[in-house]
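Here's the structure we're looking at; comments come further down.
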Amino acid sequence: MTMDYKPAIHFKHVHYSIGDDQILRDITGSFPEGRITTLVGPSGAGKTTLLKLCNGLLSPGSGEIYIKDQAIGSFEPVALRRKVGIALQSAPMVSGTVYDNLSLPLELQGNKLGEKAAVNLLQAVGLDEKYLNRKVADLSGGQRQKVSIARTLVNKPDILLLDEITSSLDRTSLKEVEELITQINRKFGTTIIWITHNLQQALDIGDFTWVLMDGEVVETGESDLLRDPVHDRVKLFVQGGAE
Amino acid sequence: MTYLTLSITLIFVLIPLALSKTLNLGLERDTIIATVRSIIQLLLVGFILKFVFDSESLLYIFLMVTLMIVAATQNARNKGASIRGITWKVAVTLIFVEVLTQGILIGLNITPPTAQYIISISGMVIGNSMVLSILFLNRFTAEVESQQDQTELVLSLGGTPKQAIHRQLITSIKASMIPTIESQKTVGLVQLPGMMSGQIIAGADPIQAVQFQLLIMFLLLTTAAVTSVMLGFLSYPTLFNQRMQLIHKS
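Line by line, the protein sequences give chains W and U.
Take -18 as the starting number for the first sequence in this note's numbering and just add one per residue.
Take 325 as the starting number for the second sequence in this note's numbering and just add one per residue.
Pasting the structure below:
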């Protein structure tokens, strides 16, 4: 499916285990550069682990991962994580205000985020500037996810990994975030890898999709494969809809 | 105090025994064991100290201090069992604190380099450092466990392990130092320190006893700060691997 596209990330026979528990098994495949690929599959399929491997939060037990043809192990970890940004599923926040969180990526580099840039980021994710000085403890789940996305964008990553970032959003916010991610992809050519349980979302905004089950990639291809999957297991999963 | 007078003080053991028996607390056995152990241990230490003080041998002083550090390390390390190499980290911290404090006290002629002073003060410093180590390790391991998301967040944004663990480290250092600072705030108002009371009972001039107590309190403040900070900075790197990843316990 992805042969015509240059890979942004390529997995080659990647395995990952925790103790005796095999989380990912023999993962091979590419995420095309500049495109949106969704990762779908039941809970516990290994999707989050796969994203963390791309960002360098985890390393494979065996096999190799390449970022634009360069072995991931040859990247300096800090540089890799700024290049390949991730918005984590739980949208963890550091205590303080929304601004403190938005400024965090730059503070880690000894800089500060300008107020105007912070407001622009907030507006980009559909939050009013009045939220800038709001305590993160007072935010709803959806607002936290929006701040989390905005914070990940501060590093201007080439590759953006999104772990179920719209799961706590209402329909309007969901559409806003989908729009934003699509814009980032189209405008900056950012490669997006997006875990979602929402199959309609995968069809609507994803160019490609990977279906993971029990730590294995069962099916990959253009997102339309979700309309008519080849494998019986995927058919069953798709018929069940989002979990 | 004669041994006869001392034996009368066992009344203070009989009271909790009677209460335990009456209220079915089931603490009789533990109370008796604790009493017998404290009598044997303290008398033994008393005889050993008398022997060491009389001999005035540097070797015996060294052996006594070493024994204290080994026992304190053994006790404190259990609280940080999940941290790789915790035994030597605690031992190095205790040794450093001991050398630092004795170095200042003896080097600046604050206390004489005699067995009485070195062993007594070492006991207080090492004991306090051990308690601080336990408090710090207890809090730090709990913080690391509960704040795993935060640590991973900072790493994922391109932070270093030191930046990722900074908040948990500072919280743990502060939490472990609070008891020392708080007890110093109320000293003399709420409680009279045991050492000072002992000196006064033994007939020392109260002002002299207070001066010495102040010295010990300031010493313990340094002990608390150095122990927490040093143990913290020795411990946190072992939570990460060379790829700056948080090591997950499988």
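For every residue, glycine included, the Cβ atom is placed at its ideal position computed from N, Cα and C.
Being a predicted model, the structure only gives us computed values, none of them experimental.
Residue-level contact check: residue 478 of chain U touches chain W, since one or more beta carbons of chain W fall below 8 Å from its beta carbon. Residues of chain W with a Cβ closer than 7 Å to the Cβ of residue 473 of chain U are, in chain order, 71, 73. The three-state reading of DSSP puts residue 51 of chain W in strand, counting E and B together.
Residue 570 of chain U is bridged by DSSP to U/564. Of all residues in the segment 162 to 186 of chain W, none comes within less than 9 Å of chain U when Cβ atoms are compared. According to DSSP, residue pairing for residue 91 of chain W in a beta bridge does not occur. In the structure shown, residue 200 of chain W falls within a strand segment according to DSSP collapsed to helix, strand and coil. Under the three-state reduction of DSSP, residue 8 of chain W is assigned to strand.
Of all residues in the segment 29 to 50 of chain W, only 33, 36, 37, 38, 39, 40 place a beta-carbon less than 9 Å from a beta-carbon of chain U.
Contact of residue 117 of chain W with chain U is not assigned, every C-beta pair being separated by 8 Å or more.
Against chain W, the beta carbon of residue 481 of chain U has neighbours under 9 Å at 62, 63, 66, 67, 85, 86, 89, 132, 133, 135, 136, listed in chain order. Contacts with chain U at 8 Å (Cβ-Cβ) do not include residue -5 of chain W. Between residue 176 of chain W and residue 33 of chain W, the CB-CB gap reaches or exceeds 8 Å. Shown here, residue 137 of chain W sits in coil according to DSSP, grouped into three states, outside any helix or strand. Taking every protein chain shown into account, the CB of residue 572 of chain U has fewer than 16 other CB atoms within 10 angstroms, so this residue is exposed. For residue 219 of chain W and residue 23 of chain W, the gap between their C-alpha atoms comes out near 10 Å.
Taken in chain order, the members of the segment 549 to 568 of chain U whose beta-carbon sits within less than 7 Å of a beta-carbon on chain W are 567, 568.
Here DSSP, grouped into helix, strand and coil, assigns residue 120 of chain W to coil.
For residue 74 of chain W, no beta strand (DSSP E) encloses it, and the DSSP letter there is neither H nor E.
With fewer than three CB-CB distances shorter than 8 Å, the segment 56 to 68 of chain W does not count as touching the segment -2 to 15 of chain W. Taking the C-beta atoms as reference points, residue 133 of chain W is found no nearer than 8 Å to residue 15 of chain W.
The alpha carbon of residue 17 of chain W has as its nearest neighbour, out of W/187, W/183, W/85, the alpha carbon of W/187.
In this structure, the beta-carbon distance from residue 103 of chain W to residue 135 of chain W does not fall below 8 Å.
In this structure, residue 567 of chain U lies near residue 40 of chain W, with their beta-carbon atoms less than 8 Å apart.
Within 10 angstroms of the beta-carbon of residue 502 of chain U lie fewer than 16 other beta-carbons, which makes it exposed. For residue -11 of chain W, no alpha helix (DSSP H) run applies; the uninterrupted beta strand (DSSP E) run containing it begins and ends at -12 to -1, by DSSP. Rounded to whole angstroms, the separation of the alpha carbons of residue 460 of chain U and residue 11 of chain W is 46 Å. Counting the other CB atoms within 10 Å of its CB gives residue 13 of chain W a total of 16 or more, which places it among the buried residues. At a Cβ-Cβ threshold of 8 Å, residue 495 of chain U and residue 469 of chain U do not count as neighbours. Comparing alpha carbon positions, the residue from U/428, U/422, U/451 closest to residue 400 of chain U is U/451.
Three or more beta-carbon pairs separated by less than 8 Å are not found between the segment 470 to 489 of chain U and the segment 534 to 552 of chain U, which leaves the two stretches without contact. In this structure the segment 439 to 446 of chain U lies against the segment 372 to 380 of chain U, because at least three pairs of beta carbons, one per stretch, are closer than 8 Å.
Residue-level contact by beta carbon holds for residue 572 of chain U and chain W, with a gap shorter than 8 Å. At the C-beta level, residue -4 of chain W and residue 6 of chain W come within 8 Å of one another. In this structure, the straight-line span from the alpha carbon of residue 82 of chain W to that of residue 357 of chain U is close to 55 Å. If you draw a 10 Å sphere on the C-beta of residue 492 of chain U, you find 16 or more other C-beta atoms in it, and that means buried.
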